[in-house]
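Each residue of the sequence shown is one higher than the last, beginning at 928 in this note's numbering.
C-beta: ideal position from N, C-alpha, C; glycine also.
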Amino acid sequence: MRAIVVDRWMEPRDLEVKEVPEPQLLPGSLEVEVRAAGCNFFDILMVQGRYQLKPPFPFTPGAEIAGVVKRVGDGVRNFAPGDRVLSSAGLGGFAEVAVVGAGGSYKLPADMSFEEGAALPIIYPTSYAGLVDRGQLQKGETLLVHAAAGGVGIAAVQIGKALGATVIATAGGAEKCEVALREGADHAIDYRDEDFVPRVMELTGGEGADVIYDSVGGDITDKSLKCIAWNGRLVIIGFASGTIPEIKANRILLKNIAVTGLHWGAHAQKAPQRIPEVFGALFDLYATAAIRPVIFKSYSLDEVPAALEALGSRQTYGKVVITP
């Protein structure tokens, strides 16, 4: 089969497709013909050797897939060949065939495309658990979403609206602000043109945002504490800026706020029972058209370098997918 193979640390532009043996089918796993694989920023870091997880060489990146089951391993009861599935693969997604754990796989809703399926397993559970479990977002509250045209940002906008919040989005540039508005944001602030803090305070009548969804870090986190409401919740899910901020504890005290984090990947070890609950809730939202993954562009397997370059240079919005 054909697959992207990483046999040394390299830049995404140096990635190549190679012929490799199909992965071994293990007990409790599924062999899946990959129809689409989601791209994530951490794929770039992993290829460069800058990510916290450093797989042994050689490896194939790609942490989320959608496709058709070819074979099922021993002990698998809920899947059969021919099933359309999405899965959190961990590794191996940028290939024609992948072997994934049955426990991290779900049958695709009948009207969900493979591209949408590959766009869902990481960003949507992250945003749902971040807003519901950690942010405790309530109907009628105001939600501020940073980087709202990115993958997790769009997911947060859609889920926030589905939960009945007023959503304020920040994004870089007019086009990305339009994307956020199209996906349900009530207001969009171009942070390249204006300081979002006074604008958020104006839009909330001087009260500030009840929940702030922060995937950026850096000075965005610091500024967010200036426009958070009394009893507000700051939900930290990542540091796309590359800078991990330090928070002064007196701000937490004076505004009676909570600063909390969401590490979705750790749920497999720490709270596995919550994972199917979250996916069930997301499938319910999809069934009512409250959420719909937004695909920026689909690239072929040979175009993985271009796909990751577009993602890494912030040229994209929504989700970038590979279609082997």
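- For N1177, the enclosing alpha helix (DSSP H) has its first and last residue at 1176-1181.
- If one requires a minimum length of 3 residues, the beta strand (DSSP E) runs lying completely within the segment 1169-1220 are 1185-1188, in chain order.
- Secondary structure of G1239 (DSSP, three-state): helix.
- In this structure E958 is in contact with V1026, their Cβ atoms being roughly 5 Å apart against a cut-off of 8 Å.
- Annotation for I1081: E1110, V1221, G1245 place their beta carbon closer than 6 Å to its own, counting only its chain and skipping 5 residues before and after.
- Taking the Cα positions, S1040 is about 19 Å away from N967.
- Here DSSP, grouped into helix, strand and coil, assigns K1224 to strand.
- F984 sits exposed, since fewer than 16 C-beta atoms from the chains shown fall within 10 Å of its C-beta.
- Separation of D1229 and E946 (C-alpha to C-alpha, rounded to the nearest whole angstrom) is 12 Å.
- The three-state secondary structure of L1058, taken from DSSP, is helix.
- In this structure, G989 and D970 form a Cβ contact; the two beta carbons are roughly 7 Å apart against a cut-off of 8 Å.
- Taken through DSSP and simplified to helix, strand or coil, S1015 comes out as strand.
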